[in-house]
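This report refers to the structure that appears directly beneath it.
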Amino acid sequence: MINDVRLINSTEEHWLFGADLTGNIMEYYNCVDILNKFTAEGKANLITADGSINCMKDPGEQEKLVEFLQYCETMTALAGLIAGGTFIIKIFTIFEKSTVCLVYLLNCLFNRTVLFKPATSKSGNSELYLICLGYKGFNCLDGLWDSLLVPYKNGCFSAHLSMFSLDEIPHSFLIQLKSCCQDFFLDKQIQTIKENIYFYLNPNEKEEKRLQKSKVEVMKLYLQWCNLKQIPCHRKLILPSSNSNKLLSMRTGFQEIHFEDFNFLQYIHMSYGKRFDQIKTSRFASLDKLNDLMEYLKKSTGPSPLNNILVNKLAKTTTIINVHSLGLHPYWHYQQHILSVIHAALKSRKHLMFINVPFHTHFLAALWCLLCESYEKVYFRNGCSFFYEFHKAKGKAVRDVFQRIQDTHIKAACDLYQRDLISIFRPHVFWNELSIVHEILKICNDFSI
6 MINDVRLINS TEEHWLFGAD LTGNIMEYYN CVDILNKFTA EGKANLITAD GSINCMKDPG
66 EQEKLVEFLQ YCETMTALAG LIAGGTFIIK IFTIFEKSTV CLVYLLNCLF NRTVLFKPAT
126 SKSGNSELYL ICLGYKGFNC LDGLWDSLLV PYKNGCFSAH LSMFSLDEIP HSFLIQLKSC
186 CQDFFLDKQI QTIKENIYFY LNPNEKEEKR LQKSKVEVMK LYLQWCNLKQ IPCHRKLILP
246 SSNSNKLLSM RTGFQEIHFE DFNFLQYIHM SYGKRFDQIK TSRFASLDKL NDLMEYLKKS
306 TGPSPLNNIL VNKLAKTTTI INVHSLGLHP YWHYQQHILS VIHAALKSRK HLMFINVPFH
366 THFLAALWCL LCESYEKVYF RNGCSFFYEF HKAKGKAVRD VFQRIQDTHI KAACDLYQRD
426 LISIFRPHVF WNELSIVHEI LKICNDFSI
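Spelled out as structure tokens, the structure:
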């Protein structure tokens, strides 16, 4: 998974992720939520859909695996597109009945449909774009729309039904599709695959130079045709990252940092979405480190005797939270558990120490920031955070926030999906105002095991 969301975080107000914040367009309630929001100011002139699903485990079934996604993208586009508008959707092979029916439907609803393979698309794969020009309007679907939406609302296609029967699709249309398949998937792909095999088995320096020269010529032609120019610095959405926090890359000894200039409470903006079981990407921690920690906990019999001695000796002044006392899976349970543990610790007003406890999501990063607001000093090193001297005035305000957060878990019920609190701060603040927190948590999440 690509762990680079700088563009999204820099343009957050222009993105819609649906009711559950997953961005999963295959859930009908997300389609409804997105359409309600973006059509409030009028329908769109152009809609593009280039989604896909990881098919690496079964590449031969790619078309079958993405058919429902393509159907959902199309239904969303038909509902959100203005009459006369354009729809562009990425498809793959056109052998399954679902794809044939979908292409035929679009052919009926648009003045012109074109199958196109961009020069930037590898000739050896089956990626194609269906460009649909001149939408005839949503009124054309009167009497059909409710029937078309049945699979969407059910969450899957019926195994025994198709959108159209074979008799309902004109023979002339099928002939055109067959011609496209012959051109795109048979002739060109076979030729490319043969060439790839040949040059893999027979490396040719002369051919490599010719290929490199062709790439340069294509690049020059692209720059010329598209009139590409460098973006001025003041027009860039994403600025180069600052190197001002190099000190934080140190990995030995405790680092101390003061947060007097930060008012973390001003960033509170709670967002609710679909509960999730597993973290597949993180800006705040290496997934390899997290996986190593999970494996370590599976094999471990519990905290070391030294840890138990430390806990007993410091019990009067310090609350020590060790990862051994927390279940890391499923994630939503870990989130609720650590929230309640921290809330209880704040009530005691003791110093607070975390040992190998992951703060690897936006939700947990915000909890860490709120703790910084509650204490006079914060110390951190590999796998460890130590919050020293409870701040009575600020601490009370933070305890109230924690109570609000816990109350939201009780009120988070939803009939459509398992709802949960996903973030406490807006995610973009960890790329901008609070970018230093991202650097610190990378150290705290570098576990000592």
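First residue of the sequence shown? That's 6 in my numbering, and the numbers climb one at a time after it.
Glycine residues also receive a C-beta, built at the ideal position from the N, C-alpha and C atoms.
What does residue i pair with, by DSSP beta-bridge criteria?
| i | result |
| --- | --- |
| Met299 | Note: Met299 sits in no beta bridge, so no partner. |
| Thr53 | Ile93 |
| Ile326 | Phe359 |
| Lys193 | Answer is none; Lys193 lacks a bridge partner. |
| Lys279 | Arg424 |
Specify, as a first and last residue, the run of the alpha helix (DSSP H) that residue i falls within.
| i | result |
| --- | --- |
| Ser15 | Arg11 to Ser15 |
| Arg215 | Glu210 to Cys231 |
| Gly65 | No alpha helix (DSSP H) contains Gly65, which DSSP labels as neither H nor E. |
| Trp337 | Tyr336 to Ser353 |
| Asp151 | Trp150 to Asn159 |
| Cys186 | His176 to Cys186 |
| Leu40 | Tyr33 to Phe43 |
| Asn112 | Lys102 to Leu114 |
| Lys447 | Ser440 to Cys449 |
What is the DSSP secondary structure of residue i, counted as helix, strand or coil?
| i | result |
| --- | --- |
| His274 | strand |
| Leu426 | strand |
| Ser254 | Confidence in Ser254 is poor, its pLDDT being 49 and thus under 50, which makes the residue's placement too unreliable to answer from. |
| Val119 | strand |
| Cys137 | strand |
| Asn248 | Bear in mind that the predicted position of Asn248 carries a pLDDT of just 43, short of 50, making it unreliable; the figure below should be weighed with that in mind. In the structure shown, Asn248 sits in coil (DSSP, three-state: anything other than H, G, I, E or B). |
| Ala124 | coil |
| Ala88 | strand |
| Lys318 | helix |
| Pro432 | helix |
| Trp373 | helix |
| Asp293 | helix |
| His19 | helix |
| Arg404 | helix |
| Pro237 | coil |
| His165 | coil |
| Cys145 | helix |
| Ala418 | coil |
| Thr286 | coil |
| Asn437 | coil |
| Pro308 | coil |
| Ala82 | helix |
| Glu72 | helix |
| Ile198 | helix |
Between the Cα of residue i and those of the options, spot the shortest distance and give me the residue it belongs to.
| i | options | result |
| --- | --- | --- |
| Thr125 | Asp151, Glu78 and Val223 | Val223 |
| Thr323 | His356, Lys122 and Pro335 | His356 |
| Tyr157 | Thr53, Gly56 and Cys77 | Cys77 |
| Ile94 | Ala88, Cys113 and Val119 | Val119 |
| Ala398 | Thr16, Leu421, Leu351 and Leu372 | Leu351 |
| Leu83 | His334, Gln235 and Leu111 | Leu111 |
| Phe267 | Ser167, Glu381, Leu86 and Lys214 | Glu381 |
| Tyr33 | Lys48, Asn116 and Thr81 | Thr81 |
| Tyr277 | Ile429, Glu18, Asp151 and Ser152 | Ile429 |
| Glu46 | Ile87, Pro175, Asp63 and Ile58 | Ile87 |
| Val403 | Met275, Asp55 and Cys374 | Cys374 |
| Met168 | Phe178, Lys183, His176 and Val155 | Val155 |
| Leu182 | Leu149, Gly332, Phe97 and Leu166 | Phe97 |
| Val10 | His176, Phe289 and Val37 | Phe289 |
| Leu135 | Phe204, Thr53 and Gln423 | Thr53 |
| Lys279 | Leu426, Asp172, Lys318 and Gly400 | Leu426 |
| Asn35 | Ser152, Gly160, Asp55 and Asn116 | Gly160 |
| Ser184 | Phe115, Ile99, Asp172 and Gln340 | Ile99 |
| Lys102 | Cys231, Glu72, Thr79 and Gly89 | Glu72 |
| Ala370 | His329, Phe435 and Glu173 | Phe435 |
| Gln271 | Leu439, Phe92, Cys449 and Leu21 | Leu439 |
| Cys449 | Pro432, Tyr384, His433 and Gln408 | Tyr384 |
| Cys377 | His367, Phe368, His365 and Gly400 | Gly400 |
| Phe269 | Arg431, His414 and Lys234 | Arg431 |
| Tyr339 | Arg117, Leu146 and Phe368 | Phe368 |
Is the Cβ of residue i closer than 8 Å to any Cβ of chain C?
| i | result |
| --- | --- |
| Glu78 | The chain inventory of the structure shown lacks chain C, comprising one protein chain alone. |
contact_flag[the segment 388 to 395, the segment 354 to 366] where n(CB pairs < 8 Å) is 3 or more
Contact annotation: the segment 388 to 395 touches the segment 354 to 366, with at least three C-beta pairs closer than 8 Å.
Quick test of the definition: if touching needs 3 or more C-beta pairs under 8 Å, does the segment 435 to 452 touch the segment 22 to 29?
For the pair of segments examined, the segment 435 to 452 was found not to touch the segment 22 to 29: the number of CB pairs separated by less than 8 Å stays below three.
Using 8 Å as the threshold, is the segment 294 to 308 in touch with the segment 328 to 336, meaning 3 or more CB pairs across them?
The segment 294 to 308 is in contact with the segment 328 to 336.
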